[in-house]
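In this text, residue positions in the sequence shown follow the working numbering: the first is 25, and each later residue adds one.
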Amino acid sequence: MSLAGLQMPQPMRNMLRDALAPPCGVIVVASDTSADRAATMAALAKPIAEGRVRAGTSAELQALSQQDCDMLLIDGAMDRRTLEQAFKIAEAGPRIVLGMDAADTMAAMETLRALRVDRHAIAFGLRAIIAVRQARRLCELCRIPDQARGSEAALLGVDPGTVIYRAAGCGACDGTGHAGMLSIYETMAVDAALRRLIAEGGDAAILSRHAFLNTPRLSGSARTLAREGAIPAHIAIDIGRAHMPGASGTGGDGVHPHLLPSFSQRLDGGANPPLSAPLHGDRSSIG
């Protein structure tokens, strides 16, 4: 499978390549918006020969699996029976790409577990989970260089005074300061070690520790893009807040004790809680 159709950093693509080499197995595409899932699933299917891909809903899985094809794209609400059926079908092929309403890779994994899908089926059938989120791309013709200050610099993982970019507006971008959308990715490639941890019932913390040893979380990917001037800094900060340990929908187990206010709240003068705990816990994922 080619990953060239995805706006994904090369190191992330390299990590996925081995995991996606077999022509069978399950790939999960996770996002909290159906449009983001659909675009990523379509990009994964693009290299497949015309007529060799079938797409449908979870209710159509069994019927679609009877057709001669190389890949099935299945999106929509899924129950335990549908998911177990998907993993069973994918054992020998075709490859199945499942679209899942989940905020990130670990949230998708926790959904599989919450639905009581057999952990051995997950361990030996799952090839990768790809989480995606879209953000507005800064217009390169008019973006304004500025210095990161105070808590903004800390949340981006840069020194105060580091140059970042802000939206402005010009004729090329119709005065919006933005030029289209950009995909932000988080990937979990299932290698032999991760497969063993899943089969043994390792918890989310153990799985995360291994899965993201050499690849960033969604928040780290967003911070890298902000430092490069590709997306606005406040977007990266808000993504970081949403994907803190314990944030709703991210597979955490409660509200984080140092949950930060949004960028807009800080502009309105809201008080800033302590920064040290989330920053120290998340710097390892900064690209």
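Think of the CB as a built atom: it goes at the ideal place given N, C-alpha and C, for glycine as much as any other residue. Everything numeric in this text was worked out from a predicted model, so none of it was measured.
C-beta atoms of residue i and residue j nearer than 8 angstroms
i: residue 249; j: residue 179; result: no
i: residue 218; j: residue 231; result: yes
i: residue 76; j: residue 99; result: no
i: residue 210; j: residue 129; result: yes
i: residue 116; j: residue 194; result: no
i: residue 43; j: residue 215; result: yes
i: residue 67; j: residue 107; result: no
i: residue 97; j: residue 89; result: no
i: residue 64; j: residue 154; result: yes
Neighbourhood of residue i by C-beta distance below 6 angstroms, restricted to the same chain and skipping five residues each side
i: residue 284; result: Here the model assigns residue 284 a pLDDT of 38, short of 50, so the residue's position is not dependable and the matter cannot be decided.
i: residue 86; result: none
i: residue 136; result: 146
i: residue 275; result: For residue 275, the pLDDT reaches just 43, beneath the cut-off of 50, and the residue's location in the model is therefore unreliable, leaving the point undetermined.
i: residue 37; result: 27
i: residue 78; result: 88, 91, 93, 96
i: residue 102; result: 82
i: residue 118; result: 93, 94, 95, 96
Neighbourhood of residue i by C-beta, 8 angstroms cutoff - its chain only, sequence neighbours within 5 removed
i: residue 167; result: 189, 190, 191, 192, 201, 253
i: residue 312; result: Any question about residue 312 goes unanswered here, given that the chain covers just 25 to 311.
i: residue 171; result: 184, 185, 186, 187, 188
i: residue 81; result: 98, 99, 100
i: residue 39; result: 211, 213, 238, 239
i: residue 196; result: 163, 165, 166, 203
Delimiting residues of the alpha helix (DSSP H) encompassing residue i
i: residue 59; result: 58-69
i: residue 130; result: 129-138
i: residue 188; result: Run containing residue 188: none in the alpha helix (DSSP H); it sits in the beta strand (DSSP E), 187-190.
i: residue 51; result: Careful: residue 51 lies outside any alpha helix (DSSP H), inside the beta strand (DSSP E) at 50-55.
i: residue 257; result: 257-266
i: residue 221; result: 216-223
i: residue 42; result: 34-43
i: residue 230; result: 228-235
i: residue 110; result: 104-114
i: residue 30; result: Element bounds for residue 30: n/a, residue is neither H nor E.
i: residue 165; result: No alpha helix (DSSP H) holds residue 165; DSSP gives it neither H nor E.
i: residue 86; result: 85-89
Cβ neighbour criterion (16 or more within 10 Å) applied to residue i
i: residue 46; result: exposed
i: residue 74; result: exposed
i: residue 204; result: exposed
i: residue 127; result: buried
i: residue 174; result: exposed
i: residue 251; result: buried
i: residue 104; result: exposed
i: residue 289; result: The predicted model places residue 289 with a pLDDT of 38, which falls under 50 and marks its position as unreliable, so this point remains unresolved.
i: residue 41; result: exposed
i: residue 198; result: exposed
i: residue 169; result: exposed
i: residue 247; result: buried
i: residue 59; result: exposed
i: residue 260; result: buried
i: residue 35; result: exposed
i: residue 69; result: buried
Contacting residues, own chain, Cβ-Cβ under 7 angstroms from residue i (five flanking each side not counted)
i: residue 50; result: 110, 111, 114, 120, 122, 149, 150, 151
i: residue 234; result: 217, 218, 221
i: residue 144; result: 223
i: residue 157; result: 55, 60, 208, 242, 263
i: residue 140; result: 104
i: residue 32; result: 209
For residue i, the first and last residue of its enclosing beta strand (DSSP E)
i: residue 248; result: Segment 242-251 is the alpha helix (DSSP H) holding residue 248; no beta strand (DSSP E) there.
i: residue 123; result: 119-125
i: residue 159; result: 150-162
i: residue 99; result: 95-99
i: residue 206; result: 202-213
i: residue 174; result: Where residue 174 is concerned, there is no enclosing beta strand (DSSP E), although the alpha helix (DSSP H) it sits in stretches over 174-180.
i: residue 78; result: 77-81
i: residue 171; result: 168-171
Any non-hydrogen atom of the ligand SAM within 7 angstroms of residue i CB
i: residue 85; result: Although the ligand SAM was asked about, the structure shown includes no ligands whatsoever.
Counting pairs of Cβ atoms below 8 angstroms between the segment 104-123 and the segment 49-65, do you hit three or more?
yes
Counting beta carbon pairs with one atom in the segment 254-261 and one in the segment 158-167, are three or more of them shorter than 8 angstroms?
yes
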